[in-house]
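>
In full-length UniProt numbering, the protein residues as written are 1 to 239.
#1: Considering only residues of the same chain and omitting the five flanking positions on each side of residue 57, which have a CB-CB separation below 7 Å?
#2: If we call anything under 7 Å between Cβ atoms a contact, is residue 81 one with residue 68?
#3: Which runs of the beta strand (DSSP E) spanning at least 3 residues fall entirely within the stretch 166-206, listed in chain order?
#4: For residue 149 and residue 122, what's the separation of their Cα atoms in angstroms?
#5: Cβ atoms of residue 7 and residue 38: under 7 Å apart, would you say?
#6: Quick one: what does DSSP say residue 8 is sitting in, helix, strand or coil?
#7: Would you mind reading off the limits of the alpha helix (DSSP H) that contains residue 23?
#8: Does the ligand MG have a heavy atom nearer than 6 Å to the CB of residue 214?
#9: What's the gap between the Cα of residue 104 and the Cα of residue 78?
#10: Assuming residue 193 contacts residue 226 under a Cβ cut-off of 8 Å, what Cβ separation, rounded to an integer in Å, is found between them?
#11: Name the DSSP bridge partner or partners of residue 36?
#12: Could you pull out every residue in the same chain whose Cβ sits closer than 6 Å to the Cβ of residue 195, ignoring the five residues on either side in sequence?
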């Protein structure tokens, strides 16, 4: 069995990684310097591809099969970004991503609220900005069913209010980064998986052009420094 990990990621028409959840795993691999290769899988191909590989479905959540998924060097398949990082920490403990950070629980509770708030902004932009035709059709049908209207109508009705609603959350997130003076990351000088979760979101918002509306808000200067500090780990995004 190859020592190289396989990362199953969602493709874009630009050829780069875009989705916040696969970015969590990609960043973890890039930070740890672990050898891996990317296999791109379109949205409607996730289920048949993973079923063919014998991967059991997710035991919770709305979707049976999701990205990120990885194949580890021993042949094990792991789906779900948190389950993946648990395995990566066990296999490659250095450098640590500090899953025991006191910020880990905070970020795990906070990000769903943040993502839910900005969903009317980013979700309608995803298919037109990133997705190839098979994934675009799948994504639009699935998400329009979820929100009960065409995505562009959802955006038109809700996006500006969402920008207003996210301001206190943006400020709150930035405030956690300002709780110390020992470095750019949540815990100071060493990046943690809590930071990785934030960075995956910031990367997607930046690629969508949404971050340009967020950086000028209160706390945006702090979060922009965090984002820029991860530049070297964002470089590998096409393979």
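C-beta: ideal position from N, C-alpha, C; glycine also.
The answer reads as follows:
#1: Working through the chain shown from its first residue, we reach residue 57 at position 57. Contacts found: 64 and 65.
#2: Here residue 81 corresponds to residue number 81 of the chain shown, with the count starting at 1. Here residue 68 corresponds to residue number 68 of the chain shown, with the count starting at 1. It is a contact, given that the beta carbons lie within the stated cut-off.
#3: none
#4: By one-based count along the chain shown, residue 149 stands at place 149. By one-based count along the chain shown, residue 122 stands at place 122. Near 15 Å, if we compare the C-alpha coordinates of residue 122 and residue 149.
#5: Reading the chain shown from its first residue, position 38 is the one you call residue 38. Reading the chain shown from its first residue, position 7 is the one you call residue 7. Cβ atoms of residue 38 and residue 7: closer than 7 Å.
#6: The count along the chain shown starts at 1 and reaches residue 8 at position 8. It is a strand residue.
#7: As a working note, residue 23 is residue 23 in the chain shown. Segment 20-32, the alpha helix (DSSP H) holding residue 23.
#8: In the structure shown, the ligand MG is absent, as is every other ligand, since no ligand is present at all.
#9: Working through the chain shown from its first residue, we reach residue 104 at position 104. Working through the chain shown from its first residue, we reach residue 78 at position 78. One C-alpha to the other measures close to 21 Å.
#10: Here residue 193 corresponds to residue number 193 of the chain shown, with the count starting at 1. Here residue 226 corresponds to residue number 226 of the chain shown, with the count starting at 1. Wrong, their Cβ atoms sit about 14 Å apart, outside the cutoff.
#11: The sequence position of residue 36 within the chain shown is 36, counting from 1. Note: residue 36 sits in a beta bridge opposite 5.
#12: As a working mapping, residue 195 is identified with position 195 in the chain shown. Only 185 and 186 meet the Cβ criterion.
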